[in-house]
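First up is the structure itself, then whatever we jot down about it.
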Amino acid sequence: ENHVTGDNDRTTKGNRSSNRLYKIIRHYYYRLFGPPSTRNAFFPMWFSNSMLLATIFIINIYIFKNLLKIKGNTVRIKIDLNNPPHPRIVGYILDGFNEPVLYHSKKLQLEQEKHRSSQPVQRMDLVHRSFGNMTSKDYFSIMSEPAIIGDCYPMHEWQATSFPSCNGVHEVGFNDLVGTNIKLMGNGFFRDVWNVDDEFVFKTLRFEHSFNLVNYDRHRRESLAQERLTSKNHVISIYSFCGNSAVFEYGNGGDIENFIWSHPKESQPTWIERLRVATQVAAGIAETHTSENNGLAAIAHTDISLGQFILTNGVYKLNDFNRCRLIRWNKKKQESCKYKVGRNAGKLRSPEEYEYAPQSEKVDVYSMGNIFYFLLTGVKAFEKTIKPKEAQKKVMAGERPLLSSEILSIKNETVKSLIKAMDMCFVHDQEQRPSAVDVYKFLSSKLKLIDT
Numbered sequence: 071e072n073h074v075t076g077d078n079d080r081t082t083k084g085n086r087s088s089n090r091l092y093k094i095i096r097h098y099y100y101r102l103f104g105p106p107s108t109r110n111a112f113f114p115m116w117f118s119n120s121m122l123l124a125t126i127f128i129i130n131i132y133i134f135k136n137l138l139k140i141k142g143n144t145v146r147i148k149i150d151l152n153n154p155p156h157p158r159i160v161g162y163i164l165d166g167f168n169e170p171v172l173y174h175s176k177k178l179q180l181e182q183e184k185h186r187s188s189q190p191v192q193r194m195d196l197v198h199r200s201f202g203n204m205t206s207k208d209y210f211s212i213m214s215e216p217a218i219i220g221d222c223y224p225m226h227e228w229q230a231t232s233f234p235s236c237n238g239v240h241e242v243g244f245n246d247l248v249g250t251n252i253k254l255m256g257n258g259f260f261r262d263v264w265n266v267d268d269e270f271v272f273k274t275l276r277f278e279h280s281f282n283l284v285n286y287d288r289h290r291r292e293s294l295a296q297e298r299l300t301s302k303n304h305v306i307s308i309y310s311f312c313g314n315s316a317v318f319e320y321g322n323g324g325d326i327e328n329f330i331w332s333h334p335k336e337s338q339p340t341w342i343e344r345l346r347v348a349t350q351v352a353a354g355i356a357e358t359h360t361s362e363n364n365g366l367a368a369i370a371h372t373d374i375s376l377g378q379f380i381l382t383n384g385v386y387k388l389n390d391f392n393r394c395r396l397i398r399w400n401k402k403k404q405e406s407c408k409y410k411v412g413r414n415a416g417k418l419r420s421p422e423e424y425e426y427a428p429q430s431e432k433v434d435v436y437s438m439g440n441i442f443y444f445l446l447t448g449v450k451a452f453e454k455t456i457k458p459k460e461a462q463k464k465v466m467a468g469e470r471p472l473l474s475s476e477i478l479s480i481k482n483e484t485v486k487s488l489i490k491a492m493d494m495c496f497v498h499d500q501e502q503r504p505s506a507v508d509v510y511k512f513l514s515s516k517l518k519l520i521d522t
């Protein structure tokens, strides 16, 4: 069945144009059939209204057929080379609905045209002219965070830089890939994820998000973090980055949810296999927190979850750093600076995140405990039991997801090790919570003993 997928670009101007067209049709229709007050003598009201709707429908169909050329399962826009489309029209091409590659067309908004350059920071009057009358919340939602906040400076020079490699992103375009094995694998909150010939992953900003300063800075931080971690064994490698797009290492083994849920009950992974996965998870987070040689965490992932670990060549690797924070250094106190994240949703975050208190890399350690809980139980913490707000209150009050008496009664040393690691992560006070390195050392030592 032929169809077009896409967002309705409802701008004020578009609404006014539609209203104007409707008024013109209604005007000439009333001249033909008469106004509603005089129409009852010749035509029933239901007939007149039906005719009006039918007229509008036929006109819309005529416009639609002249806009689109539909053939088989392919939907393409007609392009008149003598009158090319606006340069802000962007889209993907769909060939065959069996492949989840979508056609999508949208005219970008004005704020989406803004790109980073060597130009000085915009004057506030220009910002307001572009974005309208914004509240302070609106303003900070589209502006990037400054590199220096008070006495807190970038801990390392690389944190304040950027290393785009746009040639690597642009050397192969989507049009060149039509007919090859390019698939839309899925999407995160910010970006679509494309599988290109099972060789690499290409991520592009989703249409519902704007090309604004905060998103540029979000993906700048991600590229810096993954560039520092590309040599690590338990972090997905990045190949190139440009603006909001990037090319990454491809993993075809699924995530940790798939590790448990893809197996029937009678052939679930063994406890040793689960301990091995837990050790790989701890290794990826520990490598992230020890990217530098000074023993201080320079990167906090801040979005640790089951879906962030992808099986790649037999190893679960940490992925998706576009929510990461680059930790600053307080020059006055000579210590690492805490940071804050403005939106902490869901049920799987740390107490300090839900309290919106100053945070550190230890938020990743707490979230790692939720992964261990899943490996023990096969269900997510607080899943299907309470609403997110209620779960957040419980976490802030010191409550944790409960293990069943059946699991607690298992005498298996592997299960005891997983429970111990989970309890290490769930320590309420972030200052007392063990580091990711501590958790990794504990799990790896237990795994070695069990393997031998």
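Counting the sequence shown from 1 gives a position; the numbering used here is that position plus 70. Positions of the beta carbon are idealized from the N, C-alpha and C atoms, including for glycine.
For Pro421, the three-state secondary structure derived from DSSP is helix.
In the three-state DSSP reduction, Asn265 falls in the strand class (E or B). The three-state reading of DSSP puts Phe259 in coil, since its state is none of H, G, I, E or B. Relative to Ala230, the option among Ser420, Lys402, Tyr510 and Ile369 whose CA is nearest is Ile369. The residue among Ile330, Gln429 and His279 with its C-alpha nearest the C-alpha of Lys408 is Gln429. Look at Gln429 here: in three-state DSSP terms it is strand. Beta-bridge pairing by DSSP links Phe379 to Leu388. Where Val317 is concerned, the enclosing beta strand (DSSP E) starts and stops at Ser315 to Glu319. Thr358: member of the alpha helix (DSSP H) spanning Trp341 to His359, first to last residue. Taking the C-beta atoms as reference points, Thr300 is found nearer than 7 Å to Ser307. Distance from the CA of Ile129 to the CA of Leu123, rounded to the nearest whole angstrom, comes to 10 Å. Cβ contact annotation for Asn389 (same chain, cutoff 6 Å, sequence separation greater than five): Ile306, Gln378 and Ile380, in chain order. Val509 carries a helical assignment under DSSP once its states are collapsed to helix, strand and coil. Classified as exposed, Pro216 has fewer than 16 neighbouring CB atoms from the shown chains inside 10 Å of its CB. DSSP places Tyr286 inside the alpha helix (DSSP H), whose first and last residues are Leu283 to Leu299. Here Val239 carries a helix assignment [DSSP, helix/strand/coil]. In the three-state reduction of the DSSP assignment, Phe329 falls in the helix class.
Taking the C-beta atoms as reference points, Tyr223 is found no nearer than 7 Å to Ala353.
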